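Asker: Let me begin by handing over the structure; questions about it come next.
Protein chains: 2
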Amino acid sequence: MKIALAQTNQIVADIENNKNKIIAFADKAYNNGAEVVVFANNSLQGGNIESLSLINGFYKMLDCALDEIKQTVSIPLILTANKNRKNIPVLIKNNNIEEIENKVITINNNKFYFVIFDDVKDFEKLYEDKNISFTDNLVILSCSFYYKGKTKYIRNFIKKFAKEKAVNIFYVNMAGAQDGCVYDGGSFSVLKSGNINNIAKLFDEDFLLTDTNVDNNLEYKTDLQEEMYKALVLGLKDYCVKNGFTKVALGVSGGIDSALVAAIAADAVGSDNVLGVLMPSKYTSKESVVYAKDLCNRLKIKYEIVSIENLYNSYINECSPVFKNTKKDLTEENLQARIRANILMAFSNKFGYFILCTCNKSEDAVGYSTLYGDMAGGYSVVGDLLKKDVYALANYRNSISDVIPEEIIKRAPTAELRENQKDSDSLPEYDILDDILEKILEKQMSYDEILNSGIEETTLIKVYKLLFGSEYKRRVSPISTKITETSFYKDIKFPMTNKYKICKKKN
Amino acid sequence: MKIALAQTNQIVADIENNKNKIIAFADKAYNNGAEVVVFANNSLQGGNIESLSLINGFYKMLDCALDEIKQTVSIPLILTANKNRKNIPVLIKNNNIEEIENKVITINNNKFYFVIFDDVKDFEKLYEDKNISFTDNLVILSCSFYYKGKTKYIRNFIKKFAKEKAVNIFYVNMAGAQDGCVYDGGSFSVLKSGNINNIAKLFDEDFLLTDTNVDNNLEYKTDLQEEMYKALVLGLKDYCVKNGFTKVALGVSGGIDSALVAAIAADAVGSDNVLGVLMPSKYTSKESVVYAKDLCNRLKIKYEIVSIENLYNSYINECSPVFKNTKKDLTEENLQARIRANILMAFSNKFGYFILCTCNKSEDAVGYSTLYGDMAGGYSVVGDLLKKDVYALANYRNSISDVIPEEIIKRAPTAELRENQKDSDSLPEYDILDDILEKILEKQMSYDEILNSGIEETTLIKVYKLLFGSEYKRRVSPISTKITETSFYKDIKFPMTNKYKICKKKN
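Those protein sequences? They're chains A and B, same order as listed.
Its first residue numbered 1, the first sequence is counted upward by one per residue in this note's numbering.
Its first residue numbered 1001, the second sequence is counted upward by one per residue in this note's numbering.
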């Protein structure tokens, strides 16, 4: 039997265009001899609609579009439809819409069972469910987000599933990105043999035709860094494209974070559409300016230079009656970061640039950033990358073409907001910080376990304190591409008000 | 029988102090002759713990504290405990902890049934549940948020419930505020007669002793404006107190929003701890300065004046090489708002003031605000009040003492970011805007229904467009006290990327 999987990139609530794309893919399936075509979950509504569900009239529009599909297509078609504000799979066939939740359907003498899964973990529950007697073919309609390690996990799990239960499995996933969540595509089919029969592109639209009578036994390797980089590019690209932003701008400091963000931006929207803004102060080293210019030249992006020196002095002047007899402190450092944000936002307002934020996850975790300063921007491009992953992906990108100057990768991280400042003055070295953050967030190790793994106690307590104390900043961070299962943007929200203290055993 | 309800104000994850308060209230109940004492849901953990549930060690701390309570108290005590990361009611008695979910418990020959409800709507489900045979006494352990109309609804519903099912009902709710959500307290008991027997304070800790043999038949009236105002004060107060902020500052413009916020702030943290900052520009009218000073004087709060004129000129100077040959536009308006934010944040950094944001819900709904400008601040005090409620509560506050100058209430709203600017240049008049917003968000009327209610089509389309187009701003708004069931902070999240177009019937 020939089954088509339609891996489309849709836009939330763009029902007219989503419908047209569904019809076009159905036509393609029909013309290619498929006997049935299956769409990812949410293909018509375009993704998670959140509170649009409260808007009176929205579901009526969906129903109208479904009716049009019904009247138009010439091939049995499976997609998800809304029933009482819940998604269910339906079969559209012979100008009829049939609800097919929790039942076995026969198409051309082949038996099918259809399930909707957006959460990868639900696969495991299905696998363990003793109440389902698996039939010839299991089809999974998914609208699930990318995270590091997901593609490998899903493929291995479904291969095992198919072989053990002796069922052909078809996994069809959405492609594209929505508000920082990347639907990674990568639809595939696995035969009863446990062999992958056919596999779609990651991070892009694709059309997959599987003939269950031919065992292709495909091999498929994953390269984690390539996946992560592509997810970052797509996350930013689709946010810009789907929201009508054609040009982006960012502050380039000569540091590694803005260098990687500039590279991702150039790959997402094209070098011609990226502007780097250099905003030196008296604390900015000559090298920083040299490296930043070198980066822009290698990436073939334009740059502008606006000094913040006079502006900084104006603030100090205007505030001096109030601030007299006070010492220089964090105020003056944050002021510089906020002046830079104001300049970037003026570029945005004046010329329509969409502003990119260059904070990384290690900084966000401990609040090492300035509200309305370097945290400003419409999109935090690498906000779910620990510092070590920022370096790893910079090197990965350079392995394709040499766009990030080696000096930027090698220099010690600094915010350059005061004389001879280094990040390590305020924070543990990034390799230690990242290690602790992974242990708390990803491995969910307890305080004692982390201590016993060889982390110094004062450092550990400091990180806990900073982590739980900086939620207020993370709550107003720009959205960011989800890359891990523990993104601050999508997954981890601590109470802002909380007196969590480290759990210590009583002896 | 004598039953004590303990309405406490706890802090999330402050397990040691929460435990001590539970023990103190239990002692008080014992000393007052109660036969059992009941605590609100989440009393030990202190409220919703969100992602603290992922922190290895947290539940162990809860269990330790529960053990200490068990060993200490001399009266049967009901509270919620954690079981497999889910809350269940437990009875602590005779140095023993008994799980009492979904079963009838006998205490001193009286039968009890205990349920946990944080969502008011769950009361209705319980009422309609045919599988529960209600016994003599039903106890509801709640940790539920205030919203406009909630207290009246709950009291009437539970009175009806008690009378129809012939059951005594005890409703014990948390008091205090957590990250903008106000636990409104207002615990009460209703006898089988349907009469309220005893009722606790709203918005504060309280201890309630009910003797089921005495029918008090209390009357209780609600004043919506008083409730809303008190919720706003408590929301801000508890955020400050629980996070260690003793002083707050805000920009006072001479307009109604900042006037009401200043009044709420003075009531929340005391006049001595509030600073008003006047930041005039060349577009600021003389009256604005006069009114702002008058406000500060009436509220007995300090004020400082920092002109933004020179700073604004510095930005224009520094950006002029880049901005040459461009026209004056929104850029210059936003710049002023952002300079003001930078000054406020400098006050925060230098002197420890917690900065209050003065945006209201009507503005937030249509994005009539400046990112990193007037949207800056740690807490959006009236962010869930439509403009009409801002006026209503200003008048309510003035009815207690005359703190907001009448001229501020009477003048036309203006942002004063350009010559002779009025809010109505960019937006519909606020009475029309508020009417439309209520129809979309609260009444969930469809486009056609709103049109037929007499709203002009161009105005309606403009509001839909602004509402769906400004989600990106709302996602990075400061937290705000939830006052309605449709707060942007807690309830309504539209997809930022969305092509929702108004549903129009095909004719």
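The beta carbon of each residue, even a glycine, is placed where N, CA and C say it ideally should be.
Since the structure is predicted, the reported quantities are computational estimates derived from the model, not experimental observations.
Helix or strand or just coil, what does DSSP make of B:Q1071?
Answerer: Three-state DSSP puts B:Q1071 in a helix.
Asker: Which residues of the region 420-447 of chain A have a Cβ closer than 7 Å to any Cβ of chain B? Give them in chain order.
Answerer: Listed in sequence order: Q444, M445, S446 and Y447.
Asker: Taking 9 Å as the threshold (beta carbon to beta carbon), is A:S189 in contact with chain B?
Answerer: It does not: the Cβ of A:S189 has no partner Cβ on chain B nearer than 9 Å.
Asker: When you compare each of A:Y229, A:L77 and A:Y391 to A:I577 by their alpha carbons, which one comes out closest?
Answerer: Residue coverage of chain A in this structure runs from 1 to 507, which leaves residue 577 of chain A outside it and unanswerable.
Asker: So that I know if they touch, is there some Cβ in chain B lying closer than 9 Å to that of A:N310?
Answerer: A:N310 counts as touching chain B.
Asker: Please report the residue range of the alpha helix (DSSP H) in which A:T151 lies.
Answerer: It spans K150 to K165 - the alpha helix (DSSP H) in which A:T151 sits, taken as one unbroken run.
Asker: Quick test of your reading: A:I78 and A:V139, contact by CB under 8 Å. State the CB separation rounded to the nearest angstrom.
Answerer: Sure, about 7 Å apart at Cβ, within 8 Å.
Asker: Quick one: what's A:K93 bridged to in DSSP?
Answerer: DSSP, once it has assigned bridges, lists A:N96 as partnering A:K93.
Asker: Does the count of Cβ pairs from the region 183-203 of chain A and the region 1015-1028 of chain B closer than 8 Å reach three?
Answerer: No contact exists between the region 183-203 of chain A and the region 1015-1028 of chain B.
Asker: Any beta-carbon of chain B closer than 9 Å to the one on A:I55?
Answerer: Yes, A:I55 lies at the interface with chain B (some Cβ there is under 9 Å from its Cβ).
Asker: Look up B:N1297 in the DSSP assignment and say whether it is helix, strand or coil.
Answerer: The answer is helix: DSSP assigns B:N1297 an H, G or I state.
Asker: If contacts are defined as beta-carbon pairs under 8 Å, then B:D1389 and B:S1480 qualify, I think. What distance do you get, rounded to the angstrom?
Answerer: B:D1389 to B:S1480, Cβ: 13 Å. No contact.
Asker: Among the candidates A:N95, A:N109 and A:F117, whose CA atom is the shortest distance from the CA of A:E101?
Answerer: Residue A:F117 is the option with its Cα nearest to A:E101.
Asker: Of all the residues that make up the region 334-349 of chain A, which are near chain B by a beta-carbon distance shorter than 9 Å?
Answerer: For the region 334-349 of chain A, which is checked against every Cβ of chain B, the residues closer than 9 Å are N334, L335, R338, I339, A341, N342, I343, M345, A346, F347, S348 and N349.
Asker: In chain A, what lies closer than 9 Å to B:L1141 by C-beta?
Answerer: Going along chain A, no residue has its Cβ under 9 Å from B:L1141, so there is no contact; the nearest lies around 20 Å.
Asker: Rounded to the nearest angstrom, what separates B:K1201 and B:L1126 at their Cα positions?
Answerer: Spanning the two alpha carbons is a distance of roughly 25 Å.
Asker: Considering just the uninterrupted stretch of the beta strand (DSSP E) at B:N1056, what are its terminal residues?
Answerer: That residue, B:N1056, is in no beta strand (DSSP E); it is neither H nor E in DSSP.
Asker: So A:N41 packs on A:N108, CB below 8 Å; how close in whole Å?
Answerer: Contact flag wrong, Cβ pair sits at about 24 Å.
Asker: For the region 277-288 of chain A, which residues have a beta carbon sitting closer than 7 Å to at least one beta carbon of chain B?
Answerer: Within the region 277-288 of chain A, no residue has a Cβ that lies closer than 7 Å to any Cβ of chain B.
Asker: Residues in the same chain with beta-carbon distance under 7 Å from B:D1204, minus the five sequence neighbours each way, listed in chain order, please.
Answerer: Closer than 7 Å at Cβ, skipping near neighbours: A1175 and G1185.
Asker: In this structure, how does DSSP classify A:E304 when only helix, strand and coil are distinguished?
Answerer: A:E304: strand per DSSP, three-state reduction.
Asker: Does DSSP put A:V190 in a helix, in a strand, or in coil?
Answerer: Strand, per DSSP.
Asker: Would DSSP call B:Y1171 helix, strand or coil?
Answerer: The answer is strand: DSSP assigns B:Y1171 an E or B state.
Asker: Thinking C-alpha only, which one of B:I1492, B:E1438, B:F1494 and B:M1001 is nearest B:D1215?
Answerer: Residue B:M1001 is the option with its Cα nearest to B:D1215.
Asker: Please report the distance separating the alpha-carbon of A:I55 from that of B:T1486.
Answerer: Straight-line Cα distance between these residues: approximately 12 Å.
Asker: Quick check on A:T246: buried or exposed, where buried means 16 or more other Cβ atoms within 10 Å of its Cβ?
Answerer: That one is exposed.
Asker: Using 8 Å as the cut-off, can you tell me whether the region 303-315 of chain A makes contact with the region 1317-1325 of chain B, which would need three or more C-beta pairs spanning the two stretches below that distance?
Answerer: Verdict: yes, contact present.
Asker: Any idea if B:Q1007 is buried or exposed, counting beta-carbon neighbours within 10 angstroms, 16 or more meaning buried?
Answerer: Buried is the call here.
Asker: Apart from the five residues just before and just after A:V36, which ones in its own chain have a Cβ nearer than 6 Å to its Cβ?
Answerer: Excluding sequence neighbours, A:V36 sits near I3, P76 and I107.
Asker: Under 8 Å, CB to CB, which of the residues in the region 1460-1483 of chain B have a partner in chain A?
Answerer: Per Cβ criterion, the list reads Y1472, R1475, V1476, S1477, P1478 and I1479.
Asker: Please state whether the Cβ-Cβ distance between B:G1251 and B:M1279 is less than 9 Å.
Answerer: For B:G1251 and B:M1279, yes; Cβs fall inside 9 Å.
Asker: To the nearest angstrom, how far is the alpha carbon of A:N420 from that of A:Y283?
Answerer: Distance between the alpha carbons of A:N420 and A:Y283: 8 Å.
Asker: Going along chain A, which residues have a C-beta under 9 Å from B:I1049?
Answerer: In chain order: F494, P495, N498 and Y500.
Asker: For A:C357, which of helix, strand or coil comes out of DSSP?
Answerer: If DSSP states are grouped into helix, strand and coil, A:C357 belongs with the strands.
Asker: Counting only Cβ-Cβ distances shorter than 7 Å, please list the residues of the region 1232-1249 of chain B near chain A, keeping chain order.
Answerer: Taking 7 Å as the Cβ-Cβ cut-off against chain A, the residues of the region 1232-1249 of chain B that qualify are Y1239, K1242 and N1243.
Asker: Starting from A:A465, follow the alpha helix (DSSP H) in both directions and report where the run begins and ends.
Answerer: According to the sequence as given, residue 465 of chain A is Lys; it is not Ala. From DSSP, the alpha helix (DSSP H) with A:K465 extends over E457 to G469.
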